[in-house]
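Q: Heads up: the protein sequence lines correspond to chains A and B, in order. Heads up: the first sequence runs through residues 0 to 325, numbered per numbering that gives the first Met the number 0. Heads up: the second sequence runs through residues 0 to 520, numbered per numbering that gives the first Met the number 0.
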Amino acid sequence: MLTYVLKRVLQSALVLLVVGLVAFSMFQFVGDPIDNMLGQERTDADIARLRTELGLDQPFPVQYYKFLENAVQGDFGVSYRQGRPVAEILVERAPATLELAAVSGFLAISIGIGLGVLTAIRKDGFLANAIMSLSLIGVSLPTFLIGILLIYLFSVELGWLPAFGRGDVVHIGWWSTGLLTGSGLKAIILPAITLGLYQMTLIMRLVRSEMLEVLRQDYVRFARARGLKDRTVNFRHALKNTLVPVITVTGLQLGSIIAFAIITETVFQWPGVGLLFINAVQFVDIPVMAAYLMLISVMFVGINLIVDLLYFAIDPRLRTDGKGAH
Amino acid sequence: MKHLVSAAVLAAVCAAPVAAEEFKWAGTTDPQTMDPHAVNSAPVLGFLNNVYEGLVRRGKDMSIEPALATSWEPIGEGEGWRFHLREGVTFHDGSTFDAEDVLFSYERASNEVSDTRSWFAPVSEVKIVDSKTVDIMTSAPNPIFPDSIANWMIVDKGWAEANNAALPDKENGNYATLNANGTGAFMVTEREPDLRTQLKPFDGWWGEATHNITVAEFTPIQNSATAVAALLSGEVDMINPVPIQDAQRLQGQDGVQVIQGIEARVIMLGFAQEADVLKYGADAGKPNPFQDARVREAVSKAVNVDAILKTIMRGNAEPASQLVSPAMRGYSAANMDRPTYDPEGAKALLAEAGYADGFAFGLKCPNNRYLNDEAVCQAVTAMLAKVGISAQLDAMPVSNYWPELRADNFDMYLLGWSPGTFDAEHPIRFLAHTPNSEKKLGSWNFGGYSNAKIDEMLPMIQSEIDDGKRQMMLDESAAILQAETAYVPMYVQPLVWGARDNVSLTQRPDNFFILRWVSLQ
Numbered sequence: 000m001l002t003y004v005l006k007r008v009l010q011s012a013l014v015l016l017v018v019g020l021v022a023f024s025m026f027q028f029v030g031d032p033i034d035n036m037l038g039q040e041r042t043d044a045d046i047a048r049l050r051t052e053l054g055l056d057q058p059f060p061v062q063y064y065k066f067l068e069n070a071v072q073g074d075f076g077v078s079y080r081q082g083r084p085v086a087e088i089l090v091e092r093a094p095a096t097l098e099l100a101a102v103s104g105f106l107a108i109s110i111g112i113g114l115g116v117l118t119a120i121r122k123d124g125f126l127a128n129a130i131m132s133l134s135l136i137g138v139s140l141p142t143f144l145i146g147i148l149l150i151y152l153f154s155v156e157l158g159w160l161p162a163f164g165r166g167d168v169v170h171i172g173w174w175s176t177g178l179l180t181g182s183g184l185k186a187i188i189l190p191a192i193t194l195g196l197y198q199m200t201l202i203m204r205l206v207r208s209e210m211l212e213v214l215r216q217d218y219v220r221f222a223r224a225r226g227l228k229d230r231t232v233n234f235r236h237a238l239k240n241t242l243v244p245v246i247t248v249t250g251l252q253l254g255s256i257i258a259f260a261i262i263t264e265t266v267f268q269w270p271g272v273g274l275l276f277i278n279a280v281q282f283v284d285i286p287v288m289a290a291y292l293m294l295i296s297v298m299f300v301g302i303n304l305i306v307d308l309l310y311f312a313i314d315p316r317l318r319t320d321g322k323g324a325h
Numbered sequence: 000m001k002h003l004v005s006a007a008v009l010a011a012v013c014a015a016p017v018a019a020e021e022f023k024w025a026g027t028t029d030p031q032t033m034d035p036h037a038v039n040s041a042p043v044l045g046f047l048n049n050v051y052e053g054l055v056r057r058g059k060d061m062s063i064e065p066a067l068a069t070s071w072e073p074i075g076e077g078e079g080w081r082f083h084l085r086e087g088v089t090f091h092d093g094s095t096f097d098a099e100d101v102l103f104s105y106e107r108a109s110n111e112v113s114d115t116r117s118w119f120a121p122v123s124e125v126k127i128v129d130s131k132t133v134d135i136m137t138s139a140p141n142p143i144f145p146d147s148i149a150n151w152m153i154v155d156k157g158w159a160e161a162n163n164a165a166l167p168d169k170e171n172g173n174y175a176t177l178n179a180n181g182t183g184a185f186m187v188t189e190r191e192p193d194l195r196t197q198l199k200p201f202d203g204w205w206g207e208a209t210h211n212i213t214v215a216e217f218t219p220i221q222n223s224a225t226a227v228a229a230l231l232s233g234e235v236d237m238i239n240p241v242p243i244q245d246a247q248r249l250q251g252q253d254g255v256q257v258i259q260g261i262e263a264r265v266i267m268l269g270f271a272q273e274a275d276v277l278k279y280g281a282d283a284g285k286p287n288p289f290q291d292a293r294v295r296e297a298v299s300k301a302v303n304v305d306a307i308l309k310t311i312m313r314g315n316a317e318p319a320s321q322l323v324s325p326a327m328r329g330y331s332a333a334n335m336d337r338p339t340y341d342p343e344g345a346k347a348l349l350a351e352a353g354y355a356d357g358f359a360f361g362l363k364c365p366n367n368r369y370l371n372d373e374a375v376c377q378a379v380t381a382m383l384a385k386v387g388i389s390a391q392l393d394a395m396p397v398s399n400y401w402p403e404l405r406a407d408n409f410d411m412y413l414l415g416w417s418p419g420t421f422d423a424e425h426p427i428r429f430l431a432h433t434p435n436s437e438k439k440l441g442s443w444n445f446g447g448y449s450n451a452k453i454d455e456m457l458p459m460i461q462s463e464i465d466d467g468k469r470q471m472m473l474d475e476s477a478a479i480l481q482a483e484t485a486y487v488p489m490y491v492q493p494l495v496w497g498a499r500d501n502v503s504l505t506q507r508p509d510n511f512f513i514l515r516w517v518s519l520q
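1) Whole angstroms are fine: how far does the CA of LEU196/A sit from the CA of GLY321/A?
2) Got a sec, what are the start and stop residues for the beta strand (DSSP E) GLN520/B sits in?
3) Give a yes or no on whether the C-beta atoms belonging to GLN274/A and GLN268/A are separated by under 8 angstroms.
4) Verify whether the separation of the beta carbon atoms of VAL526/B and LYS23/B is less than 8 angstroms.
5) How would you label ASN128/A, buried or exposed, when you count the other beta carbons within 10 angstroms and need 16 or more for buried?
6) Using 8 angstroms as the limit for Cβ to Cβ distance, is LEU53/A near chain B?
7) Verify the CB distance criterion: does ALA165/B have a CB-CB separation below 8 angstroms to chain A?
8) How would you label PRO286/B, buried or exposed, when you count the other beta carbons within 10 angstroms and need 16 or more for buried?
9) Pull out every residue of the region 62 to 86 of chain A whose Cβ sits closer than 7 angstroms to any Cβ of chain B, in chain order.
10) Strictly below 7 angstroms CB to CB, what residues from chain A border LYS439/B?
11) Please go through the region 318 to 375 of chain B and give each complete alpha helix (DSSP H) segment of 4 or more residues, from N-terminal end onward.
12) Over the uninterrupted alpha helix (DSSP H) stretch that includes GLU475/B, give me the two end residues.
13) Judging by CA-CA distance, which residue of LYS452/B, PRO142/B, LEU414/B and ALA120/B is the nearest neighbour of ARG469/B?
14) Report the rounded CA-to-CA distance for ILE528/B versus TYR486/B, giving the unit in angstroms.
15) Quick test of your reading: LEU294/A and LEU117/A, contact by CB under 8 angstroms. State the CB separation rounded to the nearest angstrom.
16) May I have a chain-ordered list of the beta strand (DSSP E) segments no shorter than 3 residues that lie completely inside the region 122 to 191 of chain A?
17) Excluding the five sequence neighbours on either side, which residues of its own chain have a C-beta within less than 6 angstroms of the C-beta of ASP100/B, listed in chain order?
18) Please name the residue, chosen from ALA175/B, PHE409/B and LEU473/B, that lies closest to ALA332/B on a Cα-to-Cα basis.
19) In whole angstroms, what is the alpha-carbon distance linking THR10/A and MET0/A?
20) Say whether chain B places a C-beta atom closer than 8 angstroms to the C-beta of MET25/A.
21) What is the residue span of the beta strand (DSSP E) that GLN256/B lies within?
22) Cα separation between PRO396/B and SER78/A?
23) Determine the DSSP secondary structure at THR218/B, reduced to helix, strand or coil.
24) By a C-beta neighbour count over all protein chains shown, 10 Å radius and 16 as the cutoff for buried, is MET312/B buried or exposed?
25) Tell me whether the beta-carbon of ARG80/A lies closer than 8 angstroms to the beta-carbon of GLN31/B.
26) With 16 other CB atoms within 10 Å as the buried threshold, where does ARG230/A fall?
27) Any beta carbon of chain B sitting closer than 8 angstroms to that of ASP31/A?
28) With VAL266/A as the anchor, note down where its alpha helix (DSSP H) starts and where it stops.
29) Just tell me which of GLN221/B, TRP516/B, LEU392/B and ALA37/B has its CA closest to the CA of LEU268/B.
30) PRO161/A CB to nearest chain B CB: under 8 angstroms?
31) Name the chain A residues whose beta carbon is nearer than 9 angstroms to that of GLY172/B?
32) In angstroms with no decimal places, state the Cα-to-Cα distance between PHE217/B and GLN197/B.
33) ILE256/A and SER103/A - do their beta-carbons sit closer together than 8 angstroms?
34) Buried or exposed: GLU40/A, going by 16 or more other Cβ atoms within 10 Å of its Cβ?
35) With three or more beta-carbon pairs closer than 8 angstroms as the criterion, would you say the region 336 to 349 of chain B touches the region 365 to 372 of chain B?
36) Per DSSP, what kind of secondary structure is PRO58/A in: helix, strand or coil?
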């Protein structure tokens, strides 16, 4: 057990280091931040001075090493664009993204499972077919288009919901939440739907196919033969058994919800880390890009590690020593 | 009942003007800093013009008018300028404005770490005469010095020193990055970088407020479609810019207006003139045809600027004949004609230069710097193909673009230039003078255009006190640049803002949005 965990943790650390190295080697292709930091009346001397000051005259492995050296001490540098510590900016921006991810994840799971069960039970019904066809939109339309469509419908035409921003926020310690104010709640609806739509359709389709599988199984037939109510059969016996793969997929998707919030955040001007990252790329704000990418990879690696460990705990076959096997 | 409702509506309408006039506006770029000396960029200076003030400022027509100085005059035979400071001016924190603050702001803004340093290159010394008089000495006569410092903003000495912000710190930030203490009509009351910045009128302002704003809030919205939606839904009262392709549609919508003008920025084509060989395309390695003025002239005749303006700019821009637009000081009316579209003439010129069969080369272009820049380059490429020269277009984000230009990786390139001083001398200094990093001249002359007469005239233009003589030299420079087709100026970039119907505002060609000229009905 301990060897397995240790091995996985070491592997994860290695992945992180490689991600960082690749990221830093990419930064030189994003462009040169110098021109964004200096005005049009800059001289060659100004350019040279700033380049040295930021350490951009060093080869990228050296830059990476310096970043790592500072990062392990908790110092992620200072944003080129904002002139503020990156860690401070990330802490300020993280709640917006996490709240958005949580709400859209919740929507995706609850609606996805509900619709999945519905479309499985009424396999050939009109409603089920309509939902299945509509769900294709969620899978095939790009996020930014869905976002813009929702904005035009609900903000411009109907005027019900705000087109951008997070509404009023309440600060609780370092955390800022928009879930406690009316305008904040209204503001999160459209971005959450936009962000969660893909995951929702994914979960729905997964639940549906799992359900169809399970509904064919003998124990469900026996349950029906015993005269149990449809609802009991469908939800207590069938649904429960479809949830194992759903949970796996959802766990992995949570990471992508946070990572892919970039596009949604840009469309809705949602003040989270995704928008911060996009701005950083445009400005070639290397410290912010580096910190964001490392953070996201830590998150992905972390989630994968947890999933691996959970499998280990759940699935006895993985315990190669055979003690767990019956 | 009906009467009651209409009475209520009437009451609401009547009550409206008394209510707080909250004004919200959005732009694509958040000002990076609140420090007026840290970053010399239009988003920062434009925003801070509402908060800080200089000795002089620009009016609605861009003319120089008194601000913190009530009057100024040249000293002696052009040894410098004497500024008489305004009495009774206080900073937002209540401290008094005087000559010490001017001297301090000079030292702060001209420091090596300040991005505004180049404005003070002509200055040799700043002397306090008394608490309300300051002499700014220049190393040579400098007739346009007052014009060149309209964006030099005065910071309170005591405030900056007390908060450890005696110098700007762009790299690490300091107190002045997030806080502001100016003398302007508005104060920064809340600042969340990248999210929102709230301004409130400064009650102690020396001028008379003509606006009726009680609170103003700026939000950056990067996505232009979102910004347009926010304007249409009334969540913001004004957006800058409106995408050109949306301007017409927006104009037809109820409740919003589109405000159009032209910016100070001239969009032009530049050439590699120093390079001996072409670098891109099928003819890479062969002698560089752009060293021949006839080839450059052929390009200017082959590009159909009117067509570009009509299709890509949707009729919003104006053709340009020289490196500055007609609104700029020193514009050469004598050289206001630009080459007419003449593909046959272009072919004849190419044949004369020995390129009857054309040639291939590389055109570098940004794709997110100027309005529809990539589309313009595509059009140029197609137009050049018609006269037999084939451009290999390479468009890229601006962050990659400048390094490419600095590394001389181009045969032809696209450039936009907005003169910071609003004077025709500015582009000569940066674009036309032979590159010379020691003298800090020609720093944006990527192609290496060089003409001894231009180099000789620049210092004379800079120090000529007599307006007539100065204009003659500017005319001559413009004529030389045209005759040699140093650049191909194409058009003056349009300025398109959108606002709710109830907003009246003034659009200035420098794309600065001045809040004190806003009123809400």
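For every residue, glycine included, the Cβ atom is placed at its ideal position computed from N, Cα and C.
A: So, to answer that:
1) Sequence index remark: in the first sequence, residue 321/A carries index 322 (1-based). Sequence index remark: in the first sequence, residue 196/A carries index 197 (1-based). Annotation note: pLDDT 46 at GLY321/A (below 50); position unreliable, no value reported.
2) Your numbering for residue 520/B matches position 521 in the second sequence. Per DSSP, GLN520/B belongs to no beta strand (DSSP E) and is neither H nor E.
3) Looking up residue 274/A in the first sequence gives position 275. Looking up residue 268/A in the first sequence gives position 269. First, the amino acid is wrong: residue 274/A is Leu here, not Gln. In contact: LEU274/A and GLN268/A (Cβ atoms closer than 8 angstroms).
4) Because chain B here runs from 0 to 520, residue 526/B falls outside it and cannot be looked at.
5) For this step, residue 128/A is matched to residue 129 along the first sequence. Answer is exposed; the Cβ neighbour count stays below 16.
6) Locating residue 53/A in the first sequence gives position 54, counting from the first residue. At least one chain B Cβ lies under 8 angstroms of LEU53/A.
7) Sequence index remark: in the second sequence, residue 165/B carries index 166 (1-based). No, no contact with chain A.
8) Walking along the second sequence from the start, residue 286/B turns up at place 287. That one is exposed.
9) VAL77, ARG80, GLN81, GLY82 and ARG83
10) Mapped onto the second sequence, residue 439/B falls at position 440. Under the 7 angstroms cutoff, chain A gives THR42.
11) 342 to 351
12) As a position in the second sequence, residue 475/B is number 476, starting the count at 1. It spans 466 to 482 - the alpha helix (DSSP H) in which GLU475/B sits, taken as one unbroken run.
13) Mapped onto the second sequence, residue 469/B falls at position 470. The shortest C-alpha separation from ARG469/B is found at PRO142/B.
14) Nothing about residue 528/B can be read from this structure; chain B reaches only from 0 to 520.
15) As a first step, residue 294/A is located in the first sequence; it is residue number 295 there, counting from the start. As a first step, residue 117/A is located in the first sequence; it is residue number 118 there, counting from the start. That pair is no contact at about 38 angstroms.
16) 169 to 171 and 174 to 176
17) The residue you call residue 100/B lines up with position 101 of the second sequence. The answer, listed in chain order, is ILE153, ASP155 and LYS156.
18) Against the second sequence, residue 332/B aligns to sequence position 333. The candidate whose alpha carbon is nearest that of ALA332/B is LEU473/B.
19) For the purposes of this step, residue 10/A is taken as residue 11 along the first sequence, with counting starting at 1. For the purposes of this step, residue 0/A is taken as residue 1 along the first sequence, with counting starting at 1. It should be noted that the sequence gives Gln, not Thr, for residue 10/A. About 15 angstroms.
20) Translated into positions along the first sequence, residue 25/A becomes position 26. Chain B, which has no Cβ nearer than 8 angstroms to the Cβ of MET25/A, makes this no.
21) Locating residue 256/B in the second sequence gives position 257, counting from the first residue. Residues 255 to 270.
22) Your numbering for residue 396/B matches position 397 in the second sequence. Your numbering for residue 78/A matches position 79 in the first sequence. Those two C-alpha atoms are separated by around 20 angstroms.
23) Against the second sequence, residue 218/B aligns to sequence position 219. Correct three-state label for THR218/B: strand.
24) If you number the second sequence from 1, residue 312/B lands on position 313. It is buried - the Cβ of MET312/B has at least 16 other Cβ atoms within 10 Å.
25) Locating residue 80/A in the first sequence gives position 81, counting from the first residue. Locating residue 31/B in the second sequence gives position 32, counting from the first residue. A contact, by the Cβ cut-off of 8 angstroms.
26) Along the first sequence, one-based indexing puts residue 230/A at 231. Looking at its Cβ environment, which holds fewer than 16 other Cβ atoms inside 10 Å, ARG230/A is exposed.
27) Numbered from its first residue, the first sequence carries residue 31/A at position 32. Yes, ASP31/A counts as interfacial toward chain B.
28) Here residue 266/A corresponds to residue number 267 of the first sequence, with the count starting at 1. Per DSSP, VAL266/A belongs to the alpha helix (DSSP H) from 260 to 267.
29) Taking the first residue of the second sequence as 1, we reach residue 268/B at position 269. Nearest of GLN221/B, TRP516/B, LEU392/B and ALA37/B to LEU268/B, Cα basis: LEU392/B.
30) Taking the first residue of the first sequence as position 1, residue 161/A is located at position 162. It does; some Cβ of chain B falls within 8 angstroms.
31) Locating residue 172/B in the second sequence gives position 173, counting from the first residue. Those are VAL77, SER78, GLN81, GLY82, ARG83 and PRO84, listed as they occur along chain A.
32) Mapped onto the second sequence, residue 217/B falls at position 218. Mapped onto the second sequence, residue 197/B falls at position 198. Cα-Cα distance, rounded: 6 angstroms.
33) As a first step, residue 103/A must be located in the first sequence, where it is residue number 104. As a first step, residue 256/A must be located in the first sequence, where it is residue number 257. Yes, the pair counts as a contact, with Cβ atoms nearer than the cut-off.
34) Taking the first sequence and counting its residues from 1, one reaches residue 40/A at position 41. GLU40/A is buried by the Cβ-count criterion.
35) no
36) Translated into positions along the first sequence, residue 58/A becomes position 59. In the structure shown, PRO58/A sits in coil (DSSP, three-state: anything other than H, G, I, E or B).
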